[in-house]
Amino acid sequence: MIKNGKDFWAGAMFIAFGIAFMVVSRDYSMGSSVRMGPAYFPTVLGGLLVALGAVVFVRAFVSQLRQSFAVFRFRWGLAIAGTVLGVVMYQSFAWWVAMGKGPQLLQYVLNALALILIVLSFGPKPLFVITLAVIAFGYLLKPFGLVITSAILIFASAWGGHEFKAREVLIIYVVLALFSVGTFVFGLGLPINIWPDLG
Numbered sequence: 107m108i109k110n111g112k113d114f115w116a117g118a119m120f121i122a123f124g125i126a127f128m129v130v131s132r133d134y135s136m137g138s139s140v141r142m143g144p145a146y147f148p149t150v151l152g153g154l155l156v157a158l159g160a161v162v163f164v165r166a167f168v169s170q171l172r173q174s175f176a177v178f179r180f181r182w183g184l185a186i187a188g189t190v191l192g193v194v195m196y197q198s199f200a201w202w203v204a205m206g207k208g209p210q211l212l213q214y215v216l217n218a219l220a221l222i223l224i225v226l227s228f229g230p231k232p233l234f235v236i237t238l239a240v241i242a243f244g245y246l247l248k249p250f251g252l253v254i255t256s257a258i259l260i261f262a263s264a265w266g267g268h269e270f271k272a273r274e275v276l277i278i279y280v281v282l283a284l285f286s287v288g289t290f291v292f293g294l295g296l297p298i299n300i301w302p303d304l305g
């Protein structure tokens, strides 16, 4: 019997995202801990998410908290729509790549929309907005560049919180964007796009 609905849904979400990371990265080279391939980090992260999700999920059945299963209303329509769109985008990936850079950016946006619909099916505003901001940053970093995706992450996360003060968020964004570009691109020389790659 479920004793803690929050742990149940949090655990289910962690497990789902962990499995998704491992499934999507299975077509890439794994490498080793010394020479990591493109699949190494998402696979390890996915495994950790599944392990963490399993612990939280099990705790939902043994927790002593007196909470009902229905902590929040789950939106099945959004979950199904996001899943269908995600499957269509995944299956048509090669077609979008063959169309060129512009349509490929549209494909990234549609993939992001599929993730947004799935996450929107869970919980209150702070939960899904901040989760979406982090997912959007990781997913859109390559096609849209560090400057734009940093703006998405910072402004969306601030909007998902209790207060949103535009001037403060703008200052934080400018400082963090300059720091990120200076440190990761120019300082460490990481191959990260600063701006969208439309060439």
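Residues 107 to 305, numbered by the numbering used here, are exactly what the sequence shown covers, in order.
Where is the CB? At the ideal position from N, CA and C, for every residue including glycine.
Enclosing alpha helix (DSSP H) for residue i [first to last residue]
i, result
"Asp113", "Gly111 to Val130"
"Gly159", "Tyr146 to Val168"
For residue i, three-class secondary structure by DSSP
i, result
"Gly295", "coil"
"Met195", "helix"
"Gly288", "helix"
"Trp201", "helix"
"Arg273", "helix"
"Trp301", "coil"
CB-CB length for residue i against residue j, believed under 8 Å
i, j, result
"Ile121", "Ala160", "6 Å"
"Ile300", "Val287", "6 Å"
"Asn110", "Arg165", "7 Å"
"Leu221", "Ile236", "Not quite, the Cβ-Cβ distance comes to about 14 Å (not below 8 Å), so this is no contact."
"Ala272", "Ile258", "Between Ile258 and Ala272 the Cβ distance is about 15 Å, and since that is not below 8 Å, they are no contact."
"Gly152", "Gly124", "4 Å"
"Leu226", "Arg181", "7 Å"
Residue(s) in a DSSP beta bridge with residue i
i, result
"Met142", "Gly137"
inquiry  = Please give me, in chain order, every unbroken run of the alpha helix (DSSP H) with length at least 4 that falls completely inside the segment 206–262.
reply    = Taking 4 residues as the shortest admissible run, the segment 206–262 contains the following complete alpha helix (DSSP H) segments, listed from N- to C-terminal end: 207–226.
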